[in-house]
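A.B. asks:
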Amino acid sequence: MQIGMKYGWLADESSVIHLIRECLRAGSLLLLRQTCWKVLPMVLSLSPDIPTIESVEQCLQAIGHATLLVGSNEWDVLYANFAYEEMMSCQQAEITGKRLIEIHEGCWNRSALLSSLKNACHGDRLERIIVEHNDSNGSNRSFEVHHRVAQLGTSRSCHLLSFRDISVIRQLEGAYKRIEARHQALLDSAVDAIVIINIRGVIKAFNPAAERVFGFSSDEVLGLNVNMLMPSPYQQEHDNYLKRYLETKERRVIGIGREVIGKRKDGTVFPMNLSISEVTDGEERFFVGTVRDVTHNKRTEEALRDSEAHVRAILETAVDAIITIDESGLIKSLNSAAQKMFGYSHHEMIGENVCMLMPDPYRGEHDGYLQKYQQTGMRRVIGIGRETVGRRRDGSTFPMELSVSEVRQGARRYFTGIVRDITERKRYEDRLRESIEESSRSQARLKIQAEELVQQATCLSEARKSAEAANRAKSDFLANMSHEIRTPMTAILGFAEQVSASLNRSEDCEALSIIRRNGEHLLKLINDILDISKIESGLFVIEKTTCDLRALIHDLVQSIGPKAAQKKIGLTVNFATNVPVCIETDVLRLKQSLMNLLSNAVKFTEQGGVDLSVRMTEEFTTAPRLQMQICDTGIGIAAEHLDKLFIPFSQADSSVSRRFGGTGLGLAISKRLIELMGGDLQVKSILGSGSSFTITLPTGKISHSALGTSRQISGPRLTRALKAEARVRDTPRSILLAEDGLDNQKLIDLILRKAGHDLTVAEHGGVAIALYERAIAEGQNIDMILMDMQMPFVDGYEATRRLRSMGCQIPIVALTAHAMVGDREKCLQAGCTEYMTKPIDRHALLQLIDELGHPSAVVSQQPI
1 MQIGMKYGWL ADESSVIHLI RECLRAGSLL LLRQTCWKVL PMVLSLSPDI
51 PTIESVEQCL QAIGHATLLV GSNEWDVLYA NFAYEEMMSC QQAEITGKRL
101 IEIHEGCWNR SALLSSLKNA CHGDRLERII VEHNDSNGSN RSFEVHHRVA
151 QLGTSRSCHL LSFRDISVIR QLEGAYKRIE ARHQALLDSA VDAIVIINIR
201 GVIKAFNPAA ERVFGFSSDE VLGLNVNMLM PSPYQQEHDN YLKRYLETKE
251 RRVIGIGREV IGKRKDGTVF PMNLSISEVT DGEERFFVGT VRDVTHNKRT
301 EEALRDSEAH VRAILETAVD AIITIDESGL IKSLNSAAQK MFGYSHHEMI
351 GENVCMLMPD PYRGEHDGYL QKYQQTGMRR VIGIGRETVG RRRDGSTFPM
401 ELSVSEVRQG ARRYFTGIVR DITERKRYED RLRESIEESS RSQARLKIQA
451 EELVQQATCL SEARKSAEAA NRAKSDFLAN MSHEIRTPMT AILGFAEQVS
501 ASLNRSEDCE ALSIIRRNGE HLLKLINDIL DISKIESGLF VIEKTTCDLR
551 ALIHDLVQSI GPKAAQKKIG LTVNFATNVP VCIETDVLRL KQSLMNLLSN
601 AVKFTEQGGV DLSVRMTEEF TTAPRLQMQI CDTGIGIAAE HLDKLFIPFS
651 QADSSVSRRF GGTGLGLAIS KRLIELMGGD LQVKSILGSG SSFTITLPTG
701 KISHSALGTS RQISGPRLTR ALKAEARVRD TPRSILLAED GLDNQKLIDL
751 ILRKAGHDLT VAEHGGVAIA LYERAIAEGQ NIDMILMDMQ MPFVDGYEAT
801 RRLRSMGCQI PIVALTAHAM VGDREKCLQA GCTEYMTKPI DRHALLQLID
851 ELGHPSAVVS QQPI
């Protein structure tokens, strides 16, 4: 008991060693069960007085740790204490006397243990060895083996092996490593940069995303202060934040997050979002910072601000009023044009119901429209556009064009209206309507006259002689009417074009444009009446010549293209691969028919486009036939009205005539002309979807060289084709004009002198011959003669014949109001080089002068 008391107050290992020595001598070993097992090897080494191994066994049995005493020569087991037997589930008798390599067969790697022990035998140094042990029940256990060489007495040494079961520790270490691996995987795979620091600001972890963001490798930053990732003055601010937080727990960044500036390895700075959280590992505290580079976000925000500013600038400079309302009809935004148009200031309109801008009864209707649209989606204004009436601040009303579009922002809907004041346009429309009505009255009168002529022709056909006389009278009348109308129309249209080029006021230009447009319309009407009259009287003659399809289509595109472009609709031309280059047909009448069909297609099409397809039909066996199809996306024609299309002076629907105008002669003439050329014209149409007109023609003699590939004229190529107009060269010409009409003399003089040409005027053919003879005698140069064919004293036919008989070789161009069948041939037979009908087309005249005045010019065989 006295020894036990002494053991309870032991302060160091030397006291324990002394106590063990005394106990061994006294044989009192039972009191040593709580002795530190680490001290025993020292006792064995330091106590030379131990008499026998039995005394050592008694000491080992008192120790609570599993212990083996092994011989130094054969590594044979000398003794195993009770703790070892219990831990290994064995009896001492089973292992005593056996070599260490022979015990617990199959439970552990004994060879590896023995090898480790042999390597550990170096003096008195204590070694630690880890071995894995498999129990008989199949469980795995880990042991920590402490080895020590001990001395028994003075002559015999042995090995003392102390075993400690560390299976739980190893399992905890494995679990810790797995958790640590998962944490490291999370850090490595995180998209955002993660930086972990301790309370001193030293970087303890730096994931791959952080390496990418900051440009440092983890090896370069671990152990350094996190200040290295901050530009000045943020470095000092960070230290102050950290110190203040540790002292006062005041949160300015930790647990809150904020936007700060970071610094990369190359010294560049960048904006970043920083979120910091505090974690505790045992007694040590860390701060985990999650960093996201928001450079791209900042650029996007800046681009968005620039875009918003750009949109605002557009809105503020827009001529039209632009107003945005919410689902309740309250005004959310407006531009300056809206303030100016309605007379309200910005603050007077914002937040107010848009109905304030509408007169009765439109106010109530608007709320009903908006509510019904939101409930049913039925569109009456939104996405469609309409004309309505607006109300200004002073109470006055005005016509306006309203186009509304819907914009969604999240769950909310807004409606943006673009408003255009169309007061001036309405005034022009009223004037145009009056002009159209007057034109319609004129058309009606002309229609009556034409019908009377047809009736006269029908009555006179009862007798052949009377019919022939009537036809001659009718032809003379039509020729005279054509001549008498074309002659003044030349002056009207020509001077209107010339004057419009020199006017500055838009009102004057518009007035002249109306004059020209109505004059051209009247001229076309006259031509149509003449054509239909000639066709119905049987006087129309088809003249087949070689037709270059490409040139023909190109001319059509040049004529129709600007109208399509003005209406912002497409115009495309498609050639199939099997279409020949040239066919044999009446070029002029084919062009006239296609022009009528294309003009109608463009006129009746508001959206979409017009397509002209040219191909060879697949049905022909011996006689090849060409098919030309014109498709549009226009208003279409009801099935019950299709039969009226080709009746002269008739249209499919009277409402169409009121809306688009027209006499109804164009389609009738086109169909008759196509039939005279041996072809056929068919139509298919769907009301509201568009129409398709198909011309089928015999090709006659065709060129064997076909177009190599399919071609389509549209888009930029169409634009370039439209701009490829003939340009008059700057070379001045000396021109002699024979014209008895004073107005036409002045017009042609004005046109040619503006183009830089020199003009000499003769009142009739006799004067023209005299002026030409005098010029030849005096050595003066005359490059060309423009010859009116109907003049007093000496007409153009006689004058041309005399000039040619005199040896005159210069070009003579017939300028005549005679446009009847045979007039062109009559002029060419008299010796004219070219033939132009009045009214005069200024561009065509100047181009012809340039072509005929050029040495390599080829004389045209077709009238202009």
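Residues 1 to 864 in full-length UniProt numbering are what the sequence shown lists, from first letter to last. C-beta: ideal position from N, C-alpha, C; glycine also. Here the structure is a predicted model, which is why all the values come from computation and not from measurement.
Kindly identify the DSSP beta-bridge partner or partners of residue 206.
C.D. replies: Answer is 195.
A.B. asks: Measuring only the C-alpha atoms, how far is residue 637 from residue 365?
C.D. replies: Going from the Cα of residue 637 to the Cα of residue 365 covers about 33 Å.
A.B. asks: Classify residue 845: buried if its beta carbon has 16 or more other beta carbons within 10 angstroms, exposed otherwise.
C.D. replies: Buried, since its Cβ has 16 or more Cβ neighbours within 10 Å.
A.B. asks: Count the other CB atoms, across all protein chains shown, that sit within 10 Å of the CB of residue 800; report buried if there are 16 or more and exposed otherwise.
C.D. replies: Buried, since its Cβ has 16 or more Cβ neighbours within 10 Å.
A.B. asks: Around the C-beta of residue 830, are 16 or more other C-beta atoms found within 10 angstroms, so that it is buried, or is it exposed?
C.D. replies: Flag for residue 830 reads buried.
A.B. asks: Any chance you could list the alpha helix (DSSP H) runs of at least 4 consecutive residues sitting entirely within the segment 394 to 463, in chain order?
C.D. replies: Whole alpha helix (DSSP H) segments, 4+ residues: 423 to 460.
A.B. asks: Considering Cα atoms alone, identify which of 326, 327 and 345 is closest to residue 335.
C.D. replies: Taking only the C-alpha atoms, the option nearest residue 335 is 345.
A.B. asks: Among 333, 770 and 299, which one has its Cα closest to the Cα of residue 311?
C.D. replies: For the residues 333, 770 and 299, the minimum Cα distance to residue 311 belongs to 333.
A.B. asks: With 16 other CB atoms within 10 Å as the buried threshold, where does residue 417 fall?
C.D. replies: By the neighbour-count rule (16 or more Cβ atoms within 10 Å), residue 417 is buried.
A.B. asks: Could you check which residue in 741, 756 and 744 has the C-alpha nearest to that of residue 734?
C.D. replies: Residue 756 is the option with its Cα nearest to residue 734.
A.B. asks: Using the Cβ count rule (16 or more neighbours within 10 Å means buried), how would you classify residue 723?
C.D. replies: Residue confidence is low: residue 723 scores 46 on pLDDT, short of 50, so the model does not pin down where it sits. Its coordinate-derived value is still stated next. Per the 10 Å Cβ criterion, exposed.
A.B. asks: For the 8 Å Cβ check, are there 3 or more pairs between the segment 346 to 354 and the segment 446 to 461?
C.D. replies: Short answer: they don't touch.
A.B. asks: Between which two residues does the alpha helix (DSSP H) carrying residue 670 extend?
C.D. replies: That run of the alpha helix (DSSP H) goes 665 to 676.
A.B. asks: Report yes or no: do three or more beta-carbon pairs, one from the segment 399 to 407 and one from the segment 435 to 443, lie closer than 8 Å?
C.D. replies: Touching, no, given that fewer than three Cβ pairs across the two stretches are closer than 8 Å.
A.B. asks: What is the DSSP secondary structure of residue 580, reduced to helix, strand or coil?
C.D. replies: Reduced to three states, the DSSP call for residue 580 is strand.
A.B. asks: Apply the 10 Å Cβ neighbour rule to residue 331 and answer buried if 16 or more other Cβ atoms are within range, or exposed otherwise.
C.D. replies: Buried: at least 16 other Cβ atoms inside 10 Å.
A.B. asks: Would the beta-carbon of residue 835 fall within 8 Å of that of residue 808?
C.D. replies: No; because the gap between Cβ atoms is not below 8 Å, this pair is not in contact.
A.B. asks: What separation, rounded to the nearest whole angstrom, lies between the Cα atoms of residue 909 and residue 457?
C.D. replies: A query on residue 909 cannot be resolved here, the shown segment of the chain reaching from 1 to 864 and no further.
A.B. asks: Buried or exposed for residue 40, going by 16 or more other Cβ atoms inside 10 Å?
C.D. replies: Caution applies to residue 40, whose pLDDT of 47 falls short of 50 and renders its modelled position unreliable; the value that the coordinates give is listed next. Per the 10 Å Cβ criterion, buried.
A.B. asks: Taking the CB atoms as reference points, tell me whether residue 776 and residue 738 lie closer together than 8 Å.
C.D. replies: Contact: no.
A.B. asks: Measuring alpha carbon to alpha carbon, tell me which residue in 683, 701 and 680 is nearest residue 547.
C.D. replies: The shortest C-alpha separation from residue 547 is found at 701.
A.B. asks: Note down, one range per segment and in chain order, each alpha helix (DSSP H) of at least 4 residues found wholly within the segment 329 to 377.
C.D. replies: Counting only runs of 4 or more, we get 336 to 342, 346 to 349 and 362 to 376.
A.B. asks: Determine which residues share a DSSP beta bridge with residue 631 and list them.
C.D. replies: In the DSSP output, where bridge partners are listed per residue, residue 631 has 611 and 692.
A.B. asks: Pick out whichever of 774, 843 and 193 has its Cα sitting closest to the Cα of residue 559.
C.D. replies: Ranking the options by Cα distance to residue 559, first place goes to 843.
A.B. asks: Applying the criterion that 16 or more other CB atoms from any shown protein chain within 10 Å of the CB defines a buried residue, is residue 276 buried or exposed?
C.D. replies: So residue 276 counts as buried.
A.B. asks: Kindly give me the distance between the Cβ atoms of residue 605 and residue 553, rounded to whole angstroms, as I take these residues to be in contact under 8 Å.
C.D. replies: About 19 Å separates the two Cβ atoms, so there is no contact after all.
A.B. asks: In the structure shown, what three-state DSSP assignment does residue 56 receive?
C.D. replies: The answer is helix: DSSP assigns residue 56 an H, G or I state.
A.B. asks: I think residue 147 touches residue 172, with their Cβ atoms under 8 Å apart; what is that distance to the nearest whole Å?
C.D. replies: The Cβ separation is near 25 Å, so there is no contact.
A.B. asks: Starting from the Cα of residue 409, find the closest Cα among 326, 694, 278 and 374 and give me that residue.
C.D. replies: Looking at the Cα atoms, 326 is the closest of the given residues.
A.B. asks: Does the separation of the CB atoms of residue 783 and residue 810 fall below 8 Å?
C.D. replies: Yes, the Cβ-Cβ distance between residue 783 and residue 810 is below 8 Å.
A.B. asks: Using C-beta distances below 7 Å, list every residue in its chain close to residue 804, excluding the 5 sequence neighbours before and after it, in chain order.
C.D. replies: Excluding positions up to five away in sequence, the list reads 831.
A.B. asks: Give me the DSSP bridge partner(s) of residue 698.
C.D. replies: Note: residue 698 sits in a beta bridge opposite 625.
A.B. asks: Give the single residue among 287, 323 and 280 whose Cα lies nearest to the Cα of residue 203.
C.D. replies: The shortest C-alpha separation from residue 203 is found at 287.
A.B. asks: Measuring CA to CA, which of 304, 578 and 853 is closest to residue 626?
C.D. replies: Out of 304, 578 and 853, 578 has the C-alpha closest to the C-alpha of residue 626.
A.B. asks: Beta carbon of residue 233, beta carbon of residue 263: below 8 Å?
C.D. replies: No, they are not a contact pair.
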